[in-house]
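Peer 1: Can you keep this structure in mind? I'll have questions shortly.
In the working numbering, the protein residues as written are 412 to 790.
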């Protein structure tokens, strides 16, 4: 029997996705083709790590539109690419882009199983209007199965009427050679790393966009009178306002690329993610792999997978600086607690690997495609 052909449509070649796709492409019983809708997201200026893309892929042609905070890509060639590849399974990265609906049409016409990769949760504030919700349910009704990163997304799909048997958990993961190994190597001379950055006190690190849903204003308020420093890495619509109101113990670095983050993860003592709304929060995977205690909002899907509450970190309800400060303060005050939580955090991250993600997706695809189907071509 030939390998199962999987066509995977997703928005951009984000650096944290590349290890997942590399592992899936390396599976002996899978033939993968990844179709990216665009080279970059206008709100997330990731560097394109083309040399790390060891899987068949194509960046589709298309025009971008940003309206009301939403980004749409109007792609050309979706149908042609699918017809050329003749997939046995089609995986789409949600329901928010026209290309995903074109893929749905192809799957229905050719009787190919459609899988939606869902990271949304019940707490996600981007759920949208009535028409969008109806469209979402229409997409869901067409799906043979769903891939989710963890329990928050799984529970969300259950509220939409999706049967448990249709849901496969494939854990989100990051490149451990970067966020575990490279960080660990630099941490061996941590005093020098901190000295180079002028860090003399316990340091809380935040990495992400500076937009309202990220709650950075709450984190700054929580740290306002702390005998500790806060380093804010990122950029966004609130950047100027946050800089104007931040106290002296808050430092802004601007946007940093993946490899530039490594020394900051090595230098920091605690990682904080104060999001009001956050589907997953890949940066929590990065911080956990780096061995940092995690203090994260319960709105982030990753917080339910990577935080063993009170052991590897603390999960808190978002929006209140006093609540956030109460979560942070024990780790700022106790070096032994930080070290123990950091070890536990790294242990949690160890199970979230690209290999585990690829194995889950491969197993799902094999259940959706019969041997007879996998041996024939689609017209």
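Note that beta-carbon positions come from the ideal geometry of N, C-alpha and C, so glycine has one too.
Applying the criterion that 16 or more other CB atoms from any shown protein chain within 10 Å of the CB defines a buried residue, is residue 790 buried or exposed?
Peer 2: In the chain shown, residue 790 corresponds to position 379, counting from 1. Only weak support exists for where residue 790 lies, its pLDDT of 46 falling under 50; the value from the coordinates is given anyway. So residue 790 ends up on the exposed side.
Peer 1: Only counting the same chain, and skipping five residues up and downstream in sequence, which positions put a Cβ closer than 8 Å to that of residue 788?
Peer 2: As a first step, residue 788 must be located in the chain shown, where it is residue number 377. With a pLDDT of only 49 at residue 788, under 50, the local geometry of the prediction cannot be trusted, and no value is derived from it.
Peer 1: Does DSSP put residue 452 in a helix, a strand or coil?
Peer 2: Numbered from its first residue, the chain shown carries residue 452 at position 41. Residue 452: strand per DSSP, three-state reduction.
Peer 1: Taking the straight line between their C-alpha atoms, what separation do you get for residue 602 and residue 680?
Peer 2: Numbered from 1 along the chain shown, position 191 holds the residue referred to as residue 602. Numbered from 1 along the chain shown, position 269 holds the residue referred to as residue 680. So the two alpha carbons sit approximately 12 Å from each other.
Peer 1: Quick check on DSSP: helix, strand or coil for residue 532?
Peer 2: By 1-based counting over the chain shown, the position of residue 532 is 121. Here residue 532 carries a coil assignment [DSSP, helix/strand/coil].
Peer 1: Tell me, please, which residues DSSP counts as bridged to residue 578.
Peer 2: By 1-based counting over the chain shown, the position of residue 578 is 167. In DSSP, residue 578 forms a bridge with 557.
Peer 1: Which ranges would you report for the beta strand (DSSP E) in the region 605-686 if only whole runs of at least 3 residues count?
Peer 2: Counting whole runs of 3 or more residues, the region 605-686 contains the beta strand (DSSP E) stretches 614-618, 640-644, 661-665, 681-684.
Peer 1: Report back the beta-carbon spacing between residue 471 and residue 445 to the nearest angstrom; my notes put them in contact at under 8 Å.
Peer 2: Locating residue 471 in the chain shown gives position 60, where the first residue counts as 1. Locating residue 445 in the chain shown gives position 34, where the first residue counts as 1. Contact doesn't hold; Cβ gap of about 11 Å is too wide.
Peer 1: CA-CA distance, residue 636 and residue 733?
Peer 2: Within the chain shown, residue 636 is the residue found at index 225, counting from 1. Within the chain shown, residue 733 is the residue found at index 322, counting from 1. Cα to Cα, the separation comes out at about 12 Å.
Peer 1: Assign residue 722 to one of three DSSP states: helix, strand, or coil.
Peer 2: For this step, residue 722 is matched to residue 311 along the chain shown. Taken through DSSP and simplified to helix, strand or coil, residue 722 comes out as coil.
Peer 1: What is the residue span of the beta strand (DSSP E) that residue 703 lies within?
Peer 2: Stepping through the chain shown from its first residue, residue 703 is reached at position 292. Careful: residue 703 lies outside any beta strand (DSSP E) and carries neither H nor E.
Peer 1: Residues in the same chain with beta-carbon distance under 7 Å from residue 645, minus the five sequence neighbours each way, listed in chain order, please.
Peer 2: As a working note, residue 645 is residue 234 in the chain shown. 618, 619, 620, 621, 666, listed in sequence order.
Peer 1: If I follow the unbroken beta strand (DSSP E) through residue 503, where does it start and stop?
Peer 2: The residue given as residue 503 occupies position 92 in the chain shown. Segment 500-503, the beta strand (DSSP E) holding residue 503.
Peer 1: Could you tell me the boundaries of the alpha helix (DSSP H) in which residue 597 lies?
Peer 2: Residue mapping note: residue 597 aligns to position 186 of the chain shown, counting from 1. Its alpha helix (DSSP H) spans residues 594-598.
Peer 1: Whole angstroms is fine: what's the gap from residue 524's alpha carbon to residue 555's?
Peer 2: Locating residue 524 in the chain shown gives position 113, counting from the first residue. Locating residue 555 in the chain shown gives position 144, counting from the first residue. Here the alpha carbon of residue 524 sits roughly 6 Å from the alpha carbon of residue 555.
Peer 1: Figure out for me which residue from 688, 647, 748, 583 has the closest Cα to the Cα of residue 866.
Peer 2: In the structure as shown, the chain begins at 412 and stops at 790. Residue 866 is therefore absent and cannot be evaluated.
Peer 1: With a threshold of 16 other CB atoms inside 10 Å of the CB of residue 609, please say whether the residue is buried or exposed.
Peer 2: Numbered from its first residue, the chain shown carries residue 609 at position 198. Label assigned to residue 609: exposed.
Peer 1: Looking only at C-alpha atoms, which of 642, 578, 565 sits nearest to residue 675?
Peer 2: Working through the chain shown from its first residue, we reach residue 675 at position 264. Here the closest residue by C-alpha is 642.
Peer 1: Relative to the alpha-carbon of residue 655, which residue among 639, 670, 632, 520 has its alpha-carbon at the smallest distance?
Peer 2: Looking up residue 655 in the chain shown gives position 244. When only C-alpha atoms are compared, the closest one is 632.
Peer 1: When you compare only the Cα positions, how much space is there between residue 778 and residue 548?
Peer 2: Residue mapping note: residue 778 aligns to position 367 of the chain shown, counting from 1. Residue mapping note: residue 548 aligns to position 137 of the chain shown, counting from 1. Straight-line Cα distance between these residues: approximately 24 Å.
Peer 1: When the distance is taken between beta carbons, is residue 716 closer than 9 Å to residue 560?
Peer 2: By one-based count along the chain shown, residue 560 stands at place 149. By one-based count along the chain shown, residue 716 stands at place 305. Contact flag set, yes.
Peer 1: Could you name the residues that DSSP lists as bridge partners for residue 689?
Peer 2: Position 278 of the chain shown, counted from the first residue, corresponds to residue 689. Residue 689 is bridged to 711.
Peer 1: Who are residue 474's beta bridge partners in DSSP?
Peer 2: Taking the first residue of the chain shown as position 1, residue 474 is located at position 63. Looking at the DSSP assignment, residue 474 forms a beta bridge with 485.
Peer 1: Do you know how far the Cα of residue 426 is from the Cα of residue 460?
Peer 2: Numbered from 1 along the chain shown, position 49 holds the residue referred to as residue 460. Numbered from 1 along the chain shown, position 15 holds the residue referred to as residue 426. Distance between the alpha carbons of residue 460 and residue 426: 7 Å.
Peer 1: What does the Cβ neighbour count give for residue 576, buried or exposed, with the cut at 16 atoms within 10 Å?
Peer 2: Residue mapping note: residue 576 aligns to position 165 of the chain shown, counting from 1. So residue 576 counts as exposed.
Peer 1: Specify the secondary structure class of residue 551 as computed by DSSP and reduced to three states.
Peer 2: Here residue 551 is taken as the residue at index 140 of the chain shown, counted from 1. It is helical.
Peer 1: Quick one: is the Cβ of residue 775 within less than 8 Å of any heavy atom of the ligand FMN?
Peer 2: The ligand FMN is absent from the structure shown, which contains no ligands of any kind.
Peer 1: For residue 612, does the count of other Cβ atoms within 10 angstroms reach 16, so buried, or fall short, so exposed?
Peer 2: Counting from one through the chain shown, the residue named residue 612 turns up at place 201. By the neighbour-count rule (16 or more Cβ atoms within 10 Å), residue 612 is not buried but exposed.
Peer 1: Between the Cα of residue 526 and the Cα atoms of 544, 634, 503, which residue gives the shortest distance?
Peer 2: Within the chain shown, residue 526 is the residue found at index 115, counting from 1. Of 544, 634, 503, the residue nearest in Cα terms is 503.
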